[in-house]
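Trainee: Before I ask anything, let me first share the structure, which is written out below as structure tokens.
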Amino acid sequence: MGKRQNRQNDTISRLTKKQKKHLKEFGEEHPFHDNVSDKTERTQIVHLRDSPQRPQRKNIDESDDDLEPEEQPSAYQKLLGTLMQPETDSEEDESDEEEEELIEEGSGLESEQDGVEEEEVADEEEDDPGPVLKEDEVEAGGALDGDDDPEVGQAGDEFTDKKHESQFCLESNITAEGDPDEADDTTTQGEEDPFLKHVDTELSEEEVKLIADGRRTKTQVKWPRLGNLISTSCLERFPAPGQASSVGIPPLHKALQANWASLNQALQPQGAPQQELSDLQRELLGLMGTYRDVYVPECSPLTDAKEVRSAYCLHVLNHVLKANSNVLTHNAQLKDGKIGEDDARDQGLTRPKVLIVAPFRDGVLQVVQTFIHLLEPKEKKMDVSNKKRFKDEFSEDPEDRPSNLIRPDDYHAIFSGNVDDHFRIGVSILKRSIRLFSPFYSSDIIIASPLGLRTLLGVEGEKKRDFDFLSSIEVLVLDQADVLLMQNWEHVLHVMKHLNLQPLDAHGVDFSRVRMWNLNSWAKYYRQTLVFSSIQEPQINNILTKHSFNYRGQVATKNLPKTGSICQVLVQLPHVFQLFSADSFMDQDARFQFFVDKVLPQYRDSVMSHTFIYVPSYFDFVRIRNYLKKEETNFTSISEYSQRSEVSRARHYFQKGNIQLLLFSERFHFYKRYTIKGIRHLIFYGLPTYPHFYSEVCNMLQAGADGVDSASWTCTALYSRYDAHKLAAIAGAERAAQMLQSKKPVHLFITGEDKAS
117 MGKRQNRQND TISRLTKKQK KHLKEFGEEH PFHDNVSDKT ERTQIVHLRD SPQRPQRKNI
177 DESDDDLEPE EQPSAYQKLL GTLMQPETDS EEDESDEEEE ELIEEGSGLE SEQDGVEEEE
237 VADEEEDDPG PVLKEDEVEA GGALDGDDDP EVGQAGDEFT DKKHESQFCL ESNITAEGDP
297 DEADDTTTQG EEDPFLKHVD TELSEEEVKL IADGRRTKTQ VKWPRLGNLI STSCLERFPA
357 PGQASSVGIP PLHKALQANW ASLNQALQPQ GAPQQELSDL QRELLGLMGT YRDVYVPECS
417 PLTDAKEVRS AYCLHVLNHV LKANSNVLTH NAQLKDGKIG EDDARDQGLT RPKVLIVAPF
477 RDGVLQVVQT FIHLLEPKEK KMDVSNKKRF KDEFSEDPED RPSNLIRPDD YHAIFSGNVD
537 DHFRIGVSIL KRSIRLFSPF YSSDIIIASP LGLRTLLGVE GEKKRDFDFL SSIEVLVLDQ
597 ADVLLMQNWE HVLHVMKHLN LQPLDAHGVD FSRVRMWNLN SWAKYYRQTL VFSSIQEPQI
657 NNILTKHSFN YRGQVATKNL PKTGSICQVL VQLPHVFQLF SADSFMDQDA RFQFFVDKVL
717 PQYRDSVMSH TFIYVPSYFD FVRIRNYLKK EETNFTSISE YSQRSEVSRA RHYFQKGNIQ
777 LLLFSERFHF YKRYTIKGIR HLIFYGLPTY PHFYSEVCNM LQAGADGVDS ASWTCTALYS
837 RYDAHKLAAI AGAERAAQML QSKKPVHLFI TGEDKAS
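Final position of the sequence shown in the numbering used here is 873; the numbers increase by one with none missing.
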């Protein structure tokens, strides 16, 4: 027994890591009682394409929704299909006797393994996910829809979806003649297809320098639904879009043509006539189809959010399907020798083409459901891998939301569903099938939150960090950018800085298939950036002006509000707007000094108790809090980081008058929407980011106002000329223009009882 054990140990030591992995994976199915010959003709069986024992794919209609499509048989499995297969043990851990017998047969397997090693192991190593899915145990390490995979999730193993890798691998698939799912009209339309015109355009070095220098020409045009469009062009040969009638819906991939007309079916009320596309979606698709950057800062979460999401999902799928079809078509042509390698440059340095940044998990759920609706064949169920796991992780638990929560309608629209903000998921699409939780380097689309990406990207100096999967992003979508602004905008800027950088590793790419502009590090000049927000905000505008270099230019909507949110104030209240001088938008010292020297001394008197100070920026919040502590002022504070007990105590003392000043952060109001009682004097240290927050806070004076003379209420708001967009949204465009052009630094408005002036 000892000699046998020593012989087994020697055999194990001679095996490579790759061979050990091969034995462990296929050992149960190997006919280890047969003598495997070393003759080379034996390995020719590997190249057989179809086997009589090839398992049939289950019809998705006959299976449960949560089941996954079966694995495409690998070359090694085809070889085993020609042999008698012994009984296999379904348990994760094998017995010691089985392991010993497998090791004894290791030498016989070596010759057979050499024939299939290149074909089978290459797929596993080519799409190396890196630490992207290794660090996140929940999103990358779990079993797939209940399947017990002994290698997934174990310590030290990187996540590879072996069950579906061959099915979704672009390199190993080709377009069959007459395949209705993958045949695309891009090959026949030629120059008429916007996708091919965009990716096949060759820029010169002079044009790249012009784009990098930031020299742009602006034009303005008015469309029926979007309103005023400000178009920015970098190159003369790509002029601004004309009227809406001249920009139509781009040609769609054949897989989308059957379902795109019913895009709004779920959005229509019962009994309403079916509408294929709304006016907003039609104009958005026309702009996105030109591959210009698009910025729409007027997407209300109540009325426009679902239409906008459906529109960009259609555009994203159209882009991915056309790109994949182009690759599959070239695969077939290269195999038949119809084209040369130089004619098949159709890929980036890595596979991910689209990055969708969303604030909450519920947004991911809506996006994936839209993908399925657009791709699912009529009267058939679509193959969706890991569907059950996706529902479990991204759906909302009904017990998490209180049933008696009374909040404004916009609050419920934003915070509906699962509101977790730490997630990332890869999606690969091929042949009317979707694989969720795919490794990033095998994904077509990555959907993530800024926090989920930031923990993966890391910072310079960290050992475990990865950003190569962002090197070839061709379409970037920032959905609900205003909500991202309320989370942590630094995370968004960190992601923008790591887009379209040269990867540090090759990741198995075939450089003969990579486009020349990817090899030249010009990918950022071809990236389309789509930004959707409900508000105008300079920090969001900065994404288009400082981090986007699309050679086709940009289009942004800019409509001035006719009426401001001050008209929604119901209480009779004098509003005093005080102008202070500032050198720039980032000049926070001027605002602070004006507040400390001119405003705060007026509220030192005990008569001015119950003073509520609204601060939009958390950095300003901390600065004022430190100053009040230093001055030993009778105050308390509430921010997004305050504990529930601290919030309750602060609200109670402020309402009773035990506290003179209450310092209040905007983010707390955004996430909680509490009604603060006992307010008599309002100070807006800065104008609110959301215009309707101004009226909501002013209307809080009604709460707990029993027995209080409303004539003593006051409201003071500070602004500079750099707050023009916020001032217009609150006071109205005409009033804001008069206030900014006037020589008077103080302006008074009175609201309530239909006496707004």
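By construction, the Cβ of each residue, glycine as well, lies at the ideal position given by its N, Cα and C atoms.
#1: Could you check what DSSP says for TYR810 in three-state terms: helix, strand or coil?
#2: Looking only at its chain, what residues have a beta carbon closer than 6 Å to the beta carbon of SER223, apart from the 5 residues adjacent to it on each side?
#3: Do ILE846 and PRO804 come within 9 Å of each other at the CB atom, strictly closer than that value?
#4: Using DSSP's beta-bridge definition, name the partner residues of ASN344.
#5: Quick one: which unbroken alpha helix (DSSP H) runs of 4-plus residues sit fully inside the region 405-467? Chain order, please.
#6: Suppose you measure from the CA of CYS683 to the CA of GLN603; what does that come to, to the nearest Å?
#7: What is the rounded straight-line gap between the Cα of ILE488 and the Cα of LEU430?
#8: If you compare alpha carbons, which of ASN675, ALA639 and ASN666 is closest to ILE651?
#9: In this structure, what does DSSP give as the bridge partners for ARG540?
#10: Beta-carbon within less than 6 Å of VAL500's beta-carbon, same chain only, minus the 5 sequence neighbours each way: which residues are those?
#11: State the beta-bridge partners of VAL484 as determined by DSSP.
#12: Can LEU716 and THR752 be called in contact, C-beta distance under 9 Å?
#13: Report the partner residues of ARG789 according to the DSSP bridge assignment.
#14: Using the Cα positions of VAL324 and VAL731, report the straight-line distance between them to the nearest angstrom.
#15: According to the neighbour-count rule (16 or more other Cβ atoms, all chains shown, within 10 Å of its Cβ), is LEU437 buried or exposed?
#16: What are the boundary residues of the beta strand (DSSP E) that SER781 is part of?
#17: May I ask you to list the residues that DSSP assigns as paired with LEU864?
#18: How is the beta strand (DSSP E) around PHE728 delimited, first residue to last?
#19: Is the region 410-425 close to the region 354-368, with three or more CB pairs under 8 Å?
#20: Can you check whether the C-beta of MET855 is within less than 9 Å of a C-beta belonging to chain B?
#21: Going by DSSP in three states, ASP884 sits in which element: helix, strand or coil?
#22: So is TYR757 buried or exposed if we call it buried at 16+ other beta carbons inside 10 Å?
#23: Between the Cα of VAL813 and the Cα atoms of LEU400, PHE665, GLU606 and LEU686, which residue gives the shortest distance?
#24: Which term fits PRO475, buried or exposed, when burial requires 16 or more other beta carbons within 10 angstroms of its beta carbon?
#25: Determine the extent of the alpha helix (DSSP H) in which LYS661 is found, giving its start and end residues.
#26: Counting pairs of Cβ atoms below 8 Å between the region 468-484 and the region 591-603, do you hit three or more?
#27: Is GLU144 helix, strand or coil when you go by DSSP?
#28: So for PHE884, helix, strand or coil by DSSP?
#29: So SER764 is in the alpha helix (DSSP H); what residue range does that whole segment cover?
#30: Counting pairs of beta carbons, one from the region 764-773 and one from the region 788-797, are three or more of them closer than 8 Å?
#31: Please name the residue in LYS580, TRP605, GLN759 and ARG505 whose C-alpha comes closest to that of GLN655.
#32: Taking 9 Å as the cut-off, decide whether the C-beta atoms of ALA833 and LYS678 are in contact.
#33: Helix, strand or coil, according to DSSP, for ILE846 in the structure here?
#34: So is LEU199 buried or exposed if we call it buried at 16+ other beta carbons inside 10 Å?
#35: What did DSSP end up calling VAL685 once you bin it into helix, strand or coil?
#36: What residue range is occupied by the uninterrupted beta strand (DSSP E) comprising ALA529?
Mentor: In short, the structure shows the following:
#1: helix
#2: With a pLDDT of only 38 at SER223, under the threshold of 50, the placement of this residue in the model should not be trusted; the figure read from the coordinates follows. Around SER223: no qualifying Cβ.
#3: yes
#4: LYS338
#5: 421-452
#6: 29 Å
#7: 11 Å
#8: ASN675
#9: Bridge partners of ARG540: ALA564.
#10: ILE550
#11: Answer is none; VAL484 lacks a bridge partner.
#12: Contact check for LEU716 against THR752 fails: the beta carbons are separated by 9 Å or more.
#13: None, per the DSSP bridge assignment.
#14: 43 Å
#15: buried
#16: DSSP places SER781 in the uninterrupted beta strand (DSSP E) bounded by 777-781.
#17: VAL692
#18: 727-731
#19: no
#20: Looking for chain B here will not work: only one protein chain is present.
#21: Nothing can be reported for residue 884: it is not among the residues displayed for the chain, which extend from 117 to 873.
#22: Counting Cβ neighbours within 10 Å, TYR757 comes out exposed, since fewer than 16 surround it.
#23: LEU686
#24: With 16 or more other Cβ atoms from the protein chains shown falling within 10 Å of its own Cβ, PRO475 counts as buried.
#25: According to the sequence as given, residue 661 is Thr; it is not Lys. Where THR661 is concerned, the enclosing alpha helix (DSSP H) stretches over 654-662.
#26: Touching, yes, given that three or more Cβ pairs across the two stretches are closer than 8 Å.
#27: Residue placement at GLU144 is flagged as unreliable, the pLDDT there being 47, under the threshold of 50; a coordinate-derived value is accordingly withheld.
#28: Past the edges of the chain, shown from 117 to 873, lies residue 884, and the structure says nothing about it.
#29: 760-772
#30: yes
#31: TRP605
#32: no
#33: helix
#34: Unreliable positioning characterises LEU199 in this predicted model, as indicated by a pLDDT of 44, which lies under 50. A coordinate reading is not provided.
#35: coil
#36: First-last for ALA529: 525-530, but that is the alpha helix (DSSP H), not the beta strand (DSSP E).
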